[in-house]
Amino acid sequence: MKKIAFIGAGNMASAICGGVLRAKIALPSNIILFDKNADQFSRFDKDCIKEENIENAINMADIVFFSVKPQNMKEILAQISVLDIKDKLFISICAGISIKTIEDALGEVKVVRTMPNTPLLIGQGVTALCRNNKVSDDEFEFVTSLFASSGYTTELKEDEINRITAITSSSPAYVYLFAKAMLVGAQNMGIDAENTLEMICKTIIGSANMILSDSRSVDELIRMVKSPNGTTERALNVFEEKGFIDIVSEAMKACADRADELSKLN
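Printed below as a string of structure tokens:
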């Protein structure tokens, strides 16, 4: 089995590692963790290897995940650029960090750039991937399998990755905010039932599954619910008056723009 190092042991690293272990792609003893904050290790299997030295973690691994904040990547890359890394495969989950940034720091190395999202934590994530030309088809298939163990995967061109951040990686927060807004709306109407949030979430899940399973378009599904002069139409009119679609589009553009800014910082 390949030895896999995670440089940064946060939520996303934990989610990816959990999927890999559940799928038996690796054993805990094949997982190496490095993080400056040792408290982060508590979320991982106790048999994973905990390393206090980043150089040791890199040297032990065949595959290295960069799972740190984008702002910390310059320092991390500088630390490992002096090591013997020519045969290692590097996987980045850092927003805005281009393959070229990693190549410029580390030389001619194999790099897969990915953009996962937090539902990986429950095995229902979405991950977009791209690679440089040094990564073989077999290697890329293996990396894809690491993420597929916790959800859906798709291959994209690298120039799409910053924009896809706004669609998949950051978007769970949009959904959480919408659920919160519905909960607040329910409370404002005097509904304080214990299962209000559950009803909201089940409705969101069911509606999303309708989109995926029904042959009708999204507009047609909206019309199914919206009767002329009915309650739904009244609600949708408010969304339209407030510019709901424009607000979401503007937010997504701001997200993608920030990913572009992070690319320029590194």
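So the sequence shown is numbered by the numbering used here: it starts at 3 and just counts up by one.
Note that the Cβ used here is the ideal one computed from N, Cα and C, for glycine as well.
In this text, all values refer to a predicted model and were calculated from it rather than measured experimentally.
> Which word fits Thr234, buried or exposed, when buried means at least 16 other C-beta atoms lie within 10 angstroms of its C-beta?
Replying inline: exposed
> Helix, strand or coil: how does DSSP classify Ala130 here?
Replying inline: Three-state DSSP puts Ala130 in a strand.
> By Cβ distance below 8 Å, which residues in the same chain neighbour Ser69 in space, the five residues on each side in sequence not counted?
Replying inline: Same-chain partners within the cutoff: Phe8, Ile9, Gly10, Ala11, Gly12, Met14, Ala15, Ile18, Ile95 and Cys96.
> What alpha helix (DSSP H) runs, 4 residues minimum, are completely inside the region 48-90?
Replying inline: 56-62 and 75-82
> Counting along the chain, where does the beta strand (DSSP E) carrying Val186 start and finish?
Replying inline: Not the beta strand (DSSP E): Val186 falls in the alpha helix (DSSP H), residues Ser173 to Asn190.
> Three or more beta-carbon pairs under 8 Å between the region 100-113 and the region 122-139, yes or no?
Replying inline: yes
> Among the residues of its own chain, which have a CB less than 6 Å from the CB of Pro30, if the five just before and after it don't count?
Replying inline: Here Pro30 has Asp47, Asp49 and Cys50 as same chain residues with Cβ atoms under 6 Å from its own Cβ, once five neighbours each way along the sequence are excluded.
> In angstroms, rounded to a whole number, what distance separates the CA positions of Ser171 and Gly245?
Replying inline: 24 Å
>> Taking the alpha carbon of Gln81 as the reference point, which residue from Thr116, Val240, Asn61 and Ile65 has its own alpha carbon closest?
In response: Asn61
> On the three-pair Cβ rule with 8 Å, is the region 154-161 touching the region 176-190?
Replying inline: no
>> Since Ala28 and Lys4 should fall inside the 8 Å C-beta cutoff, what is the C-beta to C-beta distance between them, to a whole number of angstroms?
In response: Contact flag correct, Cβ pair sits at about 7 Å.
> On the three-state DSSP scale, how would you describe Ser44?
Replying inline: helix
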